[in-house]
């Protein structure tokens with residue numbers, strides 16, 4: 051379906067977000083590997099996280115699923131350790147979720163049975179050789195299309211050996227797959243990363259009693275141990291907060307507060323960049339929740355200036371780069387994004403879809419091999435855009451429509467359900483009008 055978004059006179063209010071996707075995936079997977087029952091709250095109902103739930107159910111794990119607060123789920127995970135997993139009688143379908151496919155591959159690598167992992171058309175065209183290589187070095191037998199680089203993946207797991215592995219690029223998903231596999235070896239597994247990436251796996255494993263050490267996020271060591279079950283209260287997802295933080299800054303009459311957001315330092319790169327651009331952002335009510343830092347985040351209309359985004363910070367804000375490009379359209383001067391080749395192998399080629407989408411709405415923006423250049427002072431003026439089935443691009447176009455100067459139509463509005471099923475409800479509420 052097509053959604054029409056019109057810019058409101060004011061954009062004000064509070065938002066309560068779906069739980070963090072990254073933490074949600076791990077809360078089910080790691081507790082499924084433990085013995086005992088864990089209670090997980092504020093579990094998001096997005097398609098990606100539900101893919102992980104279904105895959106684990108197909109592997110024999112028992113869950114009690116109940117409605118939770120704020121349109122979330124409350125889930126009891128009944129883990130029986132590694133012996134609780136059974137060979138699936140059907141193919142495991144990860145849907146659109148790269149996290150599901152890559153992390154579950156790390157789990158399956160250490161299980162002595164045969165399984166097949168697949169996904170939708172987009173996921174089957176995302177690179178999987180980056181996990182096949184280290185897991186194969188550990189002893190798993192994995193094959194896939196085009197020289198083992200693409201799903202479907204067939205995996206026959208079993209006894210694994212620890213490895214000392216250097217990641218070619220910083221990737222929380224690849225790192226996590228190797229760490230999970232490392233729990234089923236007979237020695238210490240070491241991972242070297244060129245720069246830090248999301249560390250939710252490391253934090254959760256530590257809370258579960260697993261011996262794990264991280265040196266500045268670039269050298270991580272884990273010893274084999276069965277994790278113990280832990281309850282998890284999932285904070286709001288900063289990647290879902292990001293659209294509203296940016297909207298609050300670039301709309302001419304806005305103040306938006308996003309409640310209960312996870313502000314893990316490996317996820318707050320977007321806040322650092324927006325503040326460097328001159329954005330007025332406050333973190334209030336800071337606290338710890340289940341080993342993760344949490345806060346309420348308020349942003350308000352600000353005069354932004356262009357900046358350059360490149361280097362190590364790219365790995366901790368890759369999902370937010372399209373929104374930073376949008377912020378650049380209203381800033382003074384140029385905003386340059388470099389070293390972001392990884393965007394080309396997301397749910398869409400996000401360099402191309404960002405440039406095309408914002409250009410169609412009147413922005414002045416150039417595509418480069420590893421990023422883009424955004425020329426400020428060209429506020430989106432409305433038009434039509436395509437999400438290319440990518441939830442981040444659908445949300446980007448919606449925020450451009452809310453903060454621009456004309457009506458914007460967006461096709462495939464359902465794409466937002468991958469990460470933020472209640473997004474359009476929040477659009478309606480904060481804009482004070484109904485869109486259709």
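In our numbering, the protein residues as written are 51 to 486.
Even for Gly, the Cβ is constructed at its ideal location relative to N, Cα and C.
Whether residue i touches residue j by CB criterion (8 Å)
i, j, result
"residue 297", "residue 370", "no"
"residue 92", "residue 118", "yes"
"residue 404", "residue 375", "yes"
"residue 437", "residue 460", "yes"
"residue 229", "residue 282", "no"
"residue 140", "residue 286", "no"
"residue 188", "residue 213", "yes"
"residue 201", "residue 132", "no"
"residue 144", "residue 210", "no"
"residue 246", "residue 215", "no"
"residue 250", "residue 314", "yes"
"residue 86", "residue 134", "no"
"residue 65", "residue 284", "no"
"residue 248", "residue 176", "no"
"residue 320", "residue 367", "yes"
"residue 182", "residue 392", "no"
Residue i (DSSP reduced to helix, strand or coil)
i, result
"residue 402", "helix"
"residue 293", "helix"
"residue 151", "helix"
"residue 163", "coil"
"residue 206", "strand"
"residue 129", "strand"
"residue 176", "coil"
"residue 284", "coil"
"residue 111", "coil"
"residue 367", "coil"
"residue 193", "strand"
"residue 481", "helix"
"residue 243", "coil"
"residue 233", "coil"
"residue 58", "coil"
"residue 183", "helix"
"residue 335", "strand"
"residue 433", "strand"
"residue 201", "strand"
"residue 358", "strand"
"residue 225", "helix"
"residue 377", "helix"
"residue 486", "Low local confidence applies: a pLDDT of 44 at residue 486 is under 50, so the model's placement there is unreliable, with the coordinate-based value given in what follows. Reduced to three states, the DSSP call for residue 486 is coil."
Residue span of the beta strand (DSSP E) that contains residue i, given as start and end
i, result
"residue 418", "414-418"
"residue 79", "First-last for residue 79: 71-82, but that is the alpha helix (DSSP H), not the beta strand (DSSP E)."
"residue 55", "53-55"
"residue 62", "61-66"
"residue 468", "Note, residue 468: premise wrong, no beta strand (DSSP E); not H, not E."
"residue 89", "85-93"
"residue 349", "342-350"
"residue 219", "Note, residue 219: premise wrong, no beta strand (DSSP E); not H, not E."
"residue 263", "262-265"
Straight-line gap, residue i to residue j (C-alpha atoms, nearest Å)
i, j, result
"residue 67", "residue 308", "7 Å"
"residue 445", "residue 469", "10 Å"
"residue 390", "residue 180", "17 Å"
"residue 348", "residue 57", "20 Å"
"residue 244", "residue 149", "20 Å"
"residue 413", "residue 398", "20 Å"
"residue 48", "residue 254", "Outside the modelled stretch of the chain, which goes from 51 to 486, sits residue 48, for which no answer is possible."
"residue 76", "residue 125", "13 Å"
"residue 353", "residue 63", "20 Å"
"residue 258", "residue 275", "10 Å"
"residue 221", "residue 109", "26 Å"
"residue 407", "residue 233", "43 Å"
"residue 113", "residue 483", "39 Å"
"residue 477", "residue 193", "43 Å"
"residue 54", "residue 456", "10 Å"
"residue 322", "residue 227", "28 Å"
"residue 260", "residue 72", "19 Å"
"residue 409", "residue 88", "47 Å"
"residue 162", "residue 331", "50 Å"
"residue 486", "residue 429", "Summary for residue 486: the model assigns pLDDT 44, below 50, so the residue's position carries little reliability, and this model does not support an answer."
"residue 204", "residue 223", "19 Å"
"residue 278", "residue 356", "47 Å"
"residue 166", "residue 358", "42 Å"
"residue 324", "residue 361", "16 Å"
Beta-carbon separation (whole angstroms), residue i vs residue j, contact threshold 8 Å
i, j, result
"residue 178", "residue 146", "That pair is no contact at about 14 Å."
"residue 270", "residue 225", "7 Å"
Cutoff 8 Å: residue i Cβ touching any chain C Cβ
i, result
"residue 315", "Looking for chain C here will not work: only one protein chain is present."
Near the ligand GDP: residue i beta-carbon under 7 Å from a heavy atom
i, result
"residue 206", "Ligands in the displayed structure: none, and consequently the ligand GDP is not present."
First and last residue of the uninterrupted alpha helix (DSSP H) at residue i
i, result
"residue 312", "Segment 304-312 is the beta strand (DSSP E) holding residue 312; no alpha helix (DSSP H) there."
"residue 451", "441-453"
"residue 254", "250-257"
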